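Engineer: Questions regarding the structure given below will be posed in turn.
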Amino acid sequence: MAECHPVGFQWVMEAKARGATVIHIDPRFTRTSAVADRYVPIRAGADIAFLGGVINHVLNSETYFKEYVLAYTNASTILTEDYADTEDLDGVFSGLNREDRFYDFDTWRYQGGDVRPASGDRSDPDERPHVRGRVRQASRGEAHGSGGAAASAWPETDDTLQHPRCVFQVLKRHFARYTPEVVEQICGVSQEQFAEVCRLLTENSGRDRTTAFVYSLGWTQHTTGVQCIRTAAILQLLLGNIGRPGGGIMALRGHASIQGSTDIPTLFDLLPGYLPMPHAWGNEDLDTYVRAETVQKGFWANTRSYMVSLLKAWWGDAATAENDFCYDYLPRLTGSHSTYETVLAQLDGTCKGYFLYGQNPAVGSANARMQRLGMANLDWLVVRDMVMIESATWWKDGPEIQTGEQRTEEIGTEVFFLPAAAHTEKSGSFTNTQRMLQWHHEAVEPAGDARSDLWFTYHLGRRIREKLASSVDDVDRPVLDLTWEYPLRGSLDEPDAEAVLAEINGWDAEQHPLSAYTQLTDDGSTACGCWIYCGVHADGVNQAARRKPGQQQSWVAPEWGWAWPANRRVLYNRASADPDGKPWSERKALIWWDEEKGRWVGHDVPDFIADRPPFFRPSEGATGPAAISGVDPFIMQADGKGWLFAPAGLVDGPLPTHYEPQESPFPNLLYGQQHNPVRQLLRHPENRYQPSGDQPGADVFPYVTTTYRLTEHHTGGGMSRFLPYLAELQPAFFCEVSPQLATERGLEHLGWATVVTARSAIEARVLVTERIRPLEVQGRTLHQVGLPWHWGPNGYTTGDAFNELAHLALEPNVHIQEVKAMACDIRPGRRPRGPALRELVRRYQERAGITDETGTEV
Amino acid sequence: MAAEARALDPAALAGHRDHPPRMGFFTDTSICIGCKACEVACKEWNAVPEDGLLLTGMSYDNTQGLGASTWRHVAFIEQPGADHDGLRWLMSSDVCKHCTEAACLDVCPTGALMRTEFGTVIVQDDVCNGCGYCVSACPFGVIDRRPSDGGAHKCTLCYDRLGAGLMPACAKACPTESIQFGPLDELRERAGQRVAELHDAGRSEARLYGEDPDDGVGGAGAFFLLLDQPEVYGLPPDPVVTTRELPRIWRHAGIAAASLALAAVAACVSGRR
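Residue numbers (this note's numbering), protein chains in the order written: chain D, 46 to 903; chain E, 11 to 283.
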């Protein structure tokens with residue numbers, strides 16, 4: 046965090062000054078480790094084994110927060126008899142369709158109660174397995190943000206937690222084999238260090254104390270990424286650290302407003318506010334969509350209001366009850382269309398045009414070579430960036446021109462480069478990891494031809510609409526009927542960003558700004574561009590622009606910016622009080638039930654129905670918010686509880702399981718199942734996978750490599766490599782290796798090394814450092830190679846791009862690449878030039894016996 | 011002697027009347043995270059040029075040291091230590107010390123180097139003739155000449171910002187408040203408390219550097235909390251203002267000259283005989 050989020054890290058330092066213990070778990074010793082109280086080196090790709098070990102410890106030592114777990118989680122919920130765990134099936138769950146590589150979740154359900162509802166209607170619309178697989182791959186998991194759907198609201202429970210099929214007992218059995226010995230063998234973490242972490246975590250959790258987890262891409266960029274965060278969620282629920290001050294799980298994002306770009310998504314599978322993108326199979330009309338995506342209990346029950354209000358925001362008067370509020374104008378998914386499938390579509394010629402807004406796939410996306418080959422197969426490419434990044438210039442001097450595989454005059458892609466404005470040159474909001482929107486104001490107008498993304502998108506739409514104005518073709522109606530009226534400002538006709546914010550916030554039939562999403566209706570009388578952001582422009586005031594200093598308000602600082610939903614700073618904060626509505630302890634008081642006032646009160650905005658008493662119990666059959674009981678803090682979940690076991694929402698299992706990365710020098714010590722069985726594989730000659738574990742040829746790639754950022758640079762380097770003041774601070778691409786590996790492979794400090802995988806070979810200067818430590822894993826010494834991913838051929842400091850090495854094996858829920866743990870080889874000296882580079886890679890593939898089947902087993 | 015040294019008011023000695031309190035830096039290296047924001051902010055504000063793309067191999071320190079084009083320098087020291095299973099990574103942001111007794115200022119023949127009303131030392135670029143006397147006079151090796159313009163350059167404690175009531179750019183940019191700016195008296199008090207805190211927490215290696223008005227430069231206007239010997243960070247252990255001996259040297263030179271003259275006179279006198 047100190048390394049990549051130094052500004053945010055000031056609060057960690059402040060907490061440390063106030064007595065907090067900071068533990069840093071990372072494959073390499075970073076600037077964070079340097080100031081942490083404890084540093085734990087770990088093998089890259091072993092996080093679930095580590096956290097699973099802590100869960101096992103917490104369950105065995107009974108150090109979980111018993112009252113919290115019983116009242117607020119689904120620990121007592123009983124599962125159906127059909128559920129089979131990884132314990133029963135050697136590492137996979139029931140429902141695995143091996144042929145088409147997906148899970149049927151039908152056996153992961155709660156038993157009893159009204160099982161008909163959402164779950165019944167969410168059965169897949171098509172019985173053909175390959176179609177069901179494609180529906181799975183289209184990310185139903187990301188919908189709802191919290192996986193709210195498809196679980197019954199009134200399941201059978203056992204409050205003694207003794208029923209063999211209750212979640213608590215299933216959890217115990219599932220993690221029983223994650224012992225300290227296993228953690229040591231898989232992670233390379235000594236039992237003493239592991240015990241110390243367990244002790245610190247459990248001692249600092251409970252009524253009086255809370256512990257926070259902070260993670261970044263080191264957890265997400267794995268074929269098991271989502272499950273890794275799930276493991277932390279289970280642990281935090283067991284320790285009672287969710288919904289309470291000082292608790293939680295903080296995702297540190299890759300760059301500014303990544304939270305915002307999932308809330309108002311740039312993702313193919315989501316609409317604003319985590320509404321799922323409709324699928325071509327099923328979701329044929331608004332009714333079937335709403336039926337499939339609505340849950341029985343809690344605030345997702347109002348899905349129809351959110352969706353109708355969104356459609357009204359986009360299509361205004363054209364959206365009427367008679368035409369399903371223009372629901373049919375929405376595009377439909379036919380499978381996964383993530384950024385990586387888009388590359389495959391470019392290579393096979395289906396995708397012919399490509400917009401890049403501040404993205405540099407030619408060096409910044411996994412398997413950079415495939416990215417460039419895809420772009421070389423386009424009709425047109427539009428690059429909007431502040432500097433001449435590699436994605437705009439690969440056609441004249443990219444790596445494939447160097448190897449002689451491509452000739453500029455034979456590349457048919459028409460490339461447009463359009464200069465982009467910087468954040469100081471435009472107004473808008475950033476949404477941070479705390480879901481807080483902070484407004485930034487334009488300081489100067491952009492220079493020259495540079496324009497903001499808002500300008501570009503608005504004026505592109507305006508011109509297209511003008512061109513289509515006389516069209517009578519129905520296919521053009523969705524574009525022509527859009528509400529596309531925004532006031533323009535300044536000499537450049539910049540659309541008023543606050544007008545966009547006002548539309549996102551929404552208004553009623555009289556055009557009065559809304560103040561809360563509870564005002565949204567499904568009759569078309571309200572419009573709202575993103576239901577969770579409703580209230581950000583309450584009273585017509587830009588709430589995100591508030592900057593009241595901390596000293597002038599309470600410690601929660603509610604008047605700094607605006608956090609969704611409803612300006613709550615801690616989600617699910619009903620859990621900060623005990624079932625009777627009293628704070629668990631004075632020290633950790635956040636909100637509580639005020640009997641006299643008949644309301645929830647406290648420091649934060651209660652994340653609960655304000656006047657619902659703790660003792661309220663809904664009548665059986667109640668629906669929506671009315672069905673939330675006084676002890677259901679998790680109001681977005683179908684059963685109101687925190688999910689130790691996830692009966693729905695994830696495509697790769699209801700509980701996290703340790704699987705080895707797609708490419709690993711080790712077999713899976715825990716199960717016969719080596720990999721995540723439903724990881725997404727993209728088979729292509731340019732995307733060969735390496736053998737793993739005990740497979741022949743795995744020893745050709747004996748080391749583990751992991752990639753990361755340096756404080757001095759930013760992502761693919763577009764915003765740092767081109768700036769002299771930053772470039773001089775880290776002026777060369779390097780690899781970090783231990784003195785032991787340097788000796789083993791003859792690598793010299795400041796000399797050159799070549800790192801090889803089945804995709805490519807890159808060269809880097811060598812930094813030999815004690816900060817990278819060999820680990821003892823499964824009885825042998827493992828060396829890890831650290832490679833920052835900021836470099837590329839353009840800019841003030843240049844170097845090879847890490848992403849040349851990376852493969853495309855994706856996490857199945859969110860389609861993220863696995864670049865945090867791969868197997869590689871490293872050798873002294875510079876890489877070959879020209880055609881000899883590809884020859885070297887080919888020889889490696891041959892030595893390892895790599896075919897198109899390698900690494901693709903279930 | 012101590013009381014006398016503590017009373018030294020460099021701004022007043024330089025002729026500033028009713029001047030503001032002496033301002034300085036307290037750099038607490040125990041909370042430095044090595045982000046180098048100070049280096050970048052300094053260069054941005056003061057328009058100091060980039061000075062070379064050299065991968066040094068000295069941990070993450072590719073700046074190497076203070077110089078004409080580096081007015082803040084973050085040192086990175088990887089060393090065996092008790093902290094984390096045998097490894098410690100020290101980080102420390104170095105800067106001009108703005109000495110109470112500043113040799114650079116003493117030796118400057120043009121008056122380009124001057125003492126400001128804040129008690130800091132700055133170079134006036136339009137007066138500096140690039141003679142370089144200050145370069146060899148500085149006991150810390152801070153000030154240097156820039157080949158591109160020939161002039162001597164160093165930290166000004168952002169004199170222009172101070173005049174506008176702002177804090178120096180590096181302190182403003184520092185996310186962890188490792189670089190603290192303020193009246194020197196207050197900083198010294200705060201630093202004393204911080205060291206006591208660290209000692210109480212068992213970190214007996216914590217020490218202050220440059221804070222003592224009785225040291226060889228009369229105390230620095232920019233001082234540090236270090237976690238090891240100054241040499242480890244590339245700082246001289248016992249810096250002495252190089253001009254301190256000047257009066258004695260001149261006295262000796264004077265005596266020698268007088269003796270010579272006397273001898274010559276004596277020779278003449280005796281010759282006449």
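Beta carbons: idealized from backbone N, C-alpha and C, even for Gly.
Quick caveat, the model's predicted, so the values are computed rather than measured.
Could you compute how far the alpha carbon of D/ALA488 sits from the alpha carbon of D/LEU546?
Structural biologist: A direct Cα-Cα distance of roughly 19 angstroms separates D/ALA488 from D/LEU546.
Engineer: Let me confirm a value: D/ASP677 is counted as buried when at least 16 other C-beta atoms fall within 10 Å, else exposed. Which label applies?
Structural biologist: buried
Engineer: Could you check whether the Cβ of D/PRO819 sits closer than 8 angstroms to any Cβ belonging to chain E?
Structural biologist: Not closer than 8 angstroms to any Cβ of chain E, the Cβ of D/PRO819 fails to qualify, so no.
Engineer: My parser needs the alpha helix (DSSP H) runs of 4 or more residues fully inside the segment 193 to 263 of chain D; what are they?
Structural biologist: 212 to 220, 225 to 232, 236 to 248
Engineer: Taking D/GLN775 as the reference, give the member of E/LEU64, E/ALA51, E/CYS168, E/LEU270 with the closest Cα.
Structural biologist: E/LEU64
Engineer: Among E/VAL84, E/HIS83, E/PHE128, E/PRO257, which residue has its Cα nearest to the Cα of E/GLY34?
Structural biologist: E/PHE128
Engineer: Here's a check: name, in chain order, each residue in its chain whose Cβ is nearer than 7 angstroms to the Cβ of D/ASN422, leaving out the five neighbours to either side.
Structural biologist: If we look at D/ASN422 and ignore the five residues flanking it on each side, its Cβ neighbours are GLN391, LEU392, GLY394.
Engineer: Identify the contact partners of E/ILE41 in chain D, using a Cβ-Cβ distance below 9 angstroms as the criterion.
Structural biologist: MET58, LYS61, ALA62, VAL80
Engineer: Could you check the C-alpha separation between D/GLY844 and D/ALA809 for me, to the nearest Å?
Structural biologist: D/GLY844 and D/ALA809: Cα-Cα distance of roughly 7 angstroms.
Engineer: Along the segment 770 to 796 of chain D, where does the CB come closer than 8 angstroms to a CB of chain E? Name the residues.
Structural biologist: TYR770, LEU771, ALA772, GLU773, LEU774, GLN775, PRO776, ALA777, PHE779, HIS794, LEU795
Engineer: Just tell me which of D/ARG790, D/HIS50, D/GLU455, D/SER570 has its CA closest to the CA of D/THR365.
Structural biologist: D/SER570
Engineer: Just checking: is the beta-carbon of D/THR39 within a distance shorter than 8 angstroms of some beta-carbon in chain E?
Structural biologist: Not covered by the structure: residue 39 of chain D. The range shown for chain D is 46 to 903.
Engineer: Using a beta-carbon distance below 8 angstroms, is D/PRO51 in contact with chain E?
Structural biologist: yes
Engineer: What residues in the segment 835 to 846 of chain D have a beta carbon less than 8 angstroms from any beta carbon of chain E?
Structural biologist: Residues of the segment 835 to 846 of chain D with a Cβ closer than 8 angstroms to any Cβ of chain E, in chain order: TYR841, THR842.
Engineer: Whole angstroms are fine: how far does the CA of D/VAL340 sit from the CA of D/GLU665?
Structural biologist: 15 angstroms
Engineer: Can you find a CB in chain E that lies within less than 8 angstroms of the CB of D/PHE150?
Structural biologist: It does not; no Cβ of chain E falls within 8 angstroms.
Engineer: When you compare the CB of D/THR307 with every CB in chain E, is at least one pair closer than 8 angstroms?
Structural biologist: no
Engineer: Quick check for students: name the residue ranges of the beta strand (DSSP E) that lie wholly in the segment 356 to 444 of chain D, counting only runs of 3 or more.
Structural biologist: 398 to 402, 425 to 430
Engineer: Does E/ASP135 have its Cβ less than 8 angstroms from a Cβ in chain D?
Structural biologist: Not an interface residue.
Engineer: Between D/GLN596 and chain E, is there a C-beta pair that is closer than 8 angstroms?
Structural biologist: no
Engineer: Use the C-beta contact count for D/HIS486: other C-beta atoms within 10 angstroms, 16 or more gives buried, fewer gives exposed.
Structural biologist: With fewer than 16 other Cβ atoms within 10 Å, it is exposed.
Engineer: Kindly identify the DSSP beta-bridge partner or partners of D/GLN829.
Structural biologist: D/VAL749
Engineer: Is it true that the segment 19 to 33 of chain E meets the segment 58 to 73 of chain E, where meeting means three or more beta-carbon pairs spaced less than 8 angstroms apart?
Structural biologist: no
Engineer: Roughly how far, in whole angstroms, is the beta-carbon of D/VAL524 from the beta-carbon of D/ILE509, given that I think they are within contact range, below 8 angstroms?
Structural biologist: Taking a contact as a CB-CB distance under 8 angstroms, the pair D/VAL524 and D/ILE509 counts as one, their CB atoms being some 6 angstroms apart.
Engineer: Are the C-beta of E/THR166 and some C-beta of chain D separated by less than 8 angstroms?
Structural biologist: no
Engineer: Between the segment 40 to 55 of chain E and the segment 72 to 83 of chain E, are three or more C-beta pairs nearer than 8 angstroms?
Structural biologist: Contact holds between the segment 40 to 55 of chain E and the segment 72 to 83 of chain E, because three or more Cβ pairs, one in each stretch, are under 8 angstroms apart.
Engineer: For E/MET177, which residues in chain C fall below 8 angstroms Cβ to Cβ?
Structural biologist: Absence of chain C from the displayed structure is noted, the protein chains being D and E.
Engineer: Would you kindly report the start and end of the unbroken beta strand (DSSP E) that includes E/ARG98?
Structural biologist: Unbroken beta strand (DSSP E) run through E/ARG98: 97 to 105.
Engineer: Against chain D, does E/LYS46 count as a neighbour if the rule is that its beta carbon must be under 8 angstroms from one of theirs?
Structural biologist: yes
Engineer: Count the other CB atoms, across all protein chains shown, that sit within 10 Å of the CB of D/THR896; report buried if there are 16 or more and exposed otherwise.
Structural biologist: Exposed is the call here.
Engineer: Ignoring anything shorter than 4 residues, give me the alpha helix (DSSP H) runs that lie fully in the segment 599 to 665 of chain D, in order along the chain.
Structural biologist: none
Engineer: Is it the case that the Cβ atoms of D/THR702 and D/ILE93 are separated by a distance below 8 angstroms?
Structural biologist: yes
Engineer: At a CB distance below 9 angstroms, what residues from the segment 95 to 122 of chain E approach chain D? Give them in sequence order.
Structural biologist: ASP95, GLY96, LEU97, ARG98, TRP99, LEU100, MET101
Engineer: Taking the alpha-carbon positions, what's the D/ARG644 to E/MET177 distance?
Structural biologist: Cα to Cα, the separation comes out at about 47 angstroms.
Engineer: Which chain D residues sit within Cβ distance under 8 angstroms of E/THR73?
Structural biologist: GLU773, LEU774
Engineer: If you draw a straight line from the alpha carbon of D/GLN21 to that of D/ILE123, how long is it in whole angstroms?
Structural biologist: As displayed, chain D neither begins before 46 nor continues past 903, which places residue 21 of chain D out of reach and without an answer.
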